[in-house]
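Using the numbering used here, the letters of the sequence shown map in sequence onto residues 1 to 448. Note that beta-carbon positions come from the ideal geometry of N, C-alpha and C, so glycine has one too. In this text, all values refer to a predicted model and were calculated from it rather than measured experimentally. See structure below.
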Amino acid sequence: MNIINTRVKHIIAASLCIFSATSSANIVRVDQVLGQLNPIEQRIEQTIERAQRLPLPVPVPQISIDELKAQISEPISSLPNVLNININSQNTAFVEVELENGFRAIERQWLLMANSQQLNTLKQQNVTIVSVKNYNALNMSLVGFNVPQGVNSKSELLKALNLDESAILDRNHIYQAQTGEPSVKVTPNKPVAPYCTQSVKIGMIDSAINTKHNAFKGANITTQSFLPKGLSSPNLHGTAIAGLITGKGVMLSPLLSSAELYSAEVFYRQSEYAQGATLFAIVEALNWLVSNKIPVINMSLTGPNNAILEASITAALKQNVLIVAAAGNQGPASQPLYPGAYKSVIAVSAIDSKNHIYRWSNKGDYIDFAALGVNVVTSQGNGKFGRESGTSMAAPHVSAALSCLLLKHGNNKTKALNELTSLVVDLGEQGKDTTFGYGAIYPPKSAL
1 MNIINTRVKH IIAASLCIFS ATSSANIVRV DQVLGQLNPI EQRIEQTIER AQRLPLPVPV
61 PQISIDELKA QISEPISSLP NVLNININSQ NTAFVEVELE NGFRAIERQW LLMANSQQLN
121 TLKQQNVTIV SVKNYNALNM SLVGFNVPQG VNSKSELLKA LNLDESAILD RNHIYQAQTG
181 EPSVKVTPNK PVAPYCTQSV KIGMIDSAIN TKHNAFKGAN ITTQSFLPKG LSSPNLHGTA
241 IAGLITGKGV MLSPLLSSAE LYSAEVFYRQ SEYAQGATLF AIVEALNWLV SNKIPVINMS
301 LTGPNNAILE ASITAALKQN VLIVAAAGNQ GPASQPLYPG AYKSVIAVSA IDSKNHIYRW
361 SNKGDYIDFA ALGVNVVTSQ GNGKFGRESG TSMAAPHVSA ALSCLLLKHG NNKTKALNEL
421 TSLVVDLGEQ GKDTTFGYGA IYPPKSAL
């Protein structure tokens, strides 16, 4: 499969080079075009993997040409350019749109970290203020407002609002969960020791959790939703992450056997396979977790660089918090994704049981560690167990290890990070590299 993909890319690259050299049309960026092949390859590989799991002989279902064409041509994660997020058939919570750079945001909605003077200035402008919130744990205030149609540039907006360049202003971007399609073909994970057996607090910003799942019998889980009233959160992604952290049973062993898990629900349903979270909800979740004195926060989500997100994370880190994030599942040619790409955030890539990097794991200077995240058995939202893949599945390993090491070192972040770095298995190039970071983290043979 990889050989075929490589040959196809070479042919396309050569064709594009010839075209750009002989045509008077705009210059073609070969690297950008090749980068756009990743979702197509991903869809093809997922289709092949599903086919390989079927027993033979397989009865061939009746399917029309139109149905087949739709299944092949539409990527699993594709979303319409404009998407209404509905509370019910009569009420819409908000409308999200795709931006020119491919990321998504709430239509015409911006966020401003504002002091009282900036808020007064904003009230005098041609905008509609939709929220004014104070976040005491983060020591910041945030104003959400809608702008007139056609206002798309940050610099244009700063000028129109009479704000200087130092103002912390950005869109209410949408961030995505980082897992592939789940598989229902399951054999138990190999039993492993937890990273520690003591009671430790750990937080996650994710979707809802199916707390009635058998894996969570006796688990200590506190949840809080940060979605608009009436809008529910799907439970697939959050249940999988929580299952790795604290789920128990024949099928899986918890990374933390006595975790106090605080789960902030921020994801809403975009489609059958896609879940989104607004930046506004993520900021509220950070504030809640910091106010509950959570030492490590797991963020298995990615999206664009955003001034409000960066400021919120910086504020959380000042409260002696560590933030661990999925590196992203857009492939090695992807641009950096956030929050993982911030220097102050610990970014985790995914490997399989043979120490091979996950096919779609992001790469870059910002990668700090790698952990098992391919075909991992965990709990599912439907009450069953299944295999999941993605950097989302890898991040909880690092979050769990750091939770234990912070407890061991009296909440000293430097000592905890230094010991974690000393425990890694160096993979790839010697020392820190763009694929595995400092190296791979594995569950210990005995608790840390």
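Buried or exposed by the 16-neighbour rule on C-beta atoms within 10 Å, applied to residue i
i, result
"S166", "exposed"
"E265", "buried"
"D206", "buried"
"T302", "buried"
"N362", "buried"
"T239", "buried"
"K201", "buried"
"E284", "buried"
"G102", "exposed"
"T222", "exposed"
"V377", "buried"
"V82", "exposed"
"H356", "exposed"
"Q178", "buried"
"A21", "With a pLDDT of 43 at A21, under the threshold of 50, the modelled position of that residue is not reliable, and no figure is offered here."
"N220", "exposed"
"Q109", "buried"
"G410", "exposed"
"P339", "buried"
"E388", "buried"
"V398", "buried"
"Q124", "exposed"
"Q149", "exposed"
"G449", "Residue 449 lies beyond the range of the chain shown here (1 to 448); nothing can be said about it."
"Q118", "buried"
"G218", "exposed"
Residue i versus residue j - alpha carbon distance
i, j, result
"S232", "I87", "8 Å"
"N126", "L423", "55 Å"
"A325", "V425", "20 Å"
"H173", "M299", "16 Å"
"L227", "E429", "43 Å"
"R171", "E100", "13 Å"
"L448", "G383", "31 Å"
"L122", "Y135", "19 Å"
"S131", "D164", "22 Å"
"E260", "V296", "11 Å"
"G328", "G390", "8 Å"
"G439", "R269", "34 Å"
"N459", "Q90", "Since the displayed the chain opens at 1 and closes at 448, residue 459 lies outside it and no answer follows."
"H237", "A193", "24 Å"
"N115", "A105", "24 Å"
"E419", "V151", "49 Å"
"A70", "I209", "Confidence at A70 is low in this model, with a pLDDT of 31, below 50, so its placement is unreliable and no value can be given for it."
"N287", "G203", "12 Å"
"L252", "N120", "54 Å"
Pick from the options that is closest to residue i, judged by C-alpha positions
i, options, result
"Q275", "S89, E96, T92", "E96"
"A242", "Q380, L169, L448, L163", "Q380"
"S344", "K217, A311, Q90, W288", "A311"
"P234", "N84, S334, E272, T197", "E272"
"P332", "E419, K354, Y366", "Y366"
"L402", "I346, F145, G390, T246", "I346"
"T197", "E156, L161, P254", "P254"
"F145", "M113, Y175, N139", "M113"
"S263", "I294, E388, L372", "I294"
"V374", "G386, D368, G364", "G386"
"L405", "P396, A395, A416", "A416"
"I313", "F94, N139, Q176, K133", "N139"
"D368", "T414, N320, D433", "D433"
"S258", "F216, A370, L372, L427", "F216"
"H213", "G230, S199, V290, G249", "G249"
"D352", "T435, T414, L372, K318", "L372"
DSSP beta-bridge partners of residue i
i, result
"A264", "I205, Q224"
"V250", "Bridge partners of V250: none, in fact."
"A274", "According to DSSP, which records beta bridges pairwise, A274 is partnered with nothing at all."
"A105", "V97, H173"
"L119", "DSSP output for L119 lists no bridge partner at all."
"N86", "T92"
"W288", "Per DSSP, none; premise fails for W288."
"A259", "V200"
"T302", "Q176"
"T128", "N146"
"A281", "Answer is none; A281 lacks a bridge partner."
Any non-hydrogen atom of the ligand SAM within 7 Å of residue i CB
i, result
"F94", "This structure lacks the ligand SAM, and indeed carries no ligand of any kind."
Minimum Cβ-Cβ distance from residue i to chain D less than 8 Å
i, result
"T239", "In the structure shown, chain D cannot be found, because there is only a single protein chain."
Point to revise | Within the region 305 to 358, ranges of the alpha helix (DSSP H) (whole runs, at least 4 residues) | key: Runs of alpha helix (DSSP H) with 4 or more residues, each lying fully within the region 305 to 358, are found at 307 to 317, listed in chain order.
Point to revise | Secondary structure, beta strand (DSSP E): runs of 3+ residues fully inside the region 361 to 431 | key: For the beta strand (DSSP E) assignment, the uninterrupted runs of no fewer than 3 residues enclosed by the region 361 to 431 are, from N- to C-terminal side, 367 to 372, 376 to 379, 385 to 388.
**Study point:** In chain order, each beta strand (DSSP E) run of at least 3 residues that lies wholly inside the region 130 to 183
**Key:** Within the region 130 to 183, complete beta strand (DSSP E) segments of at least 3 residues are found at 140 to 146, 168 to 177, given in chain order.
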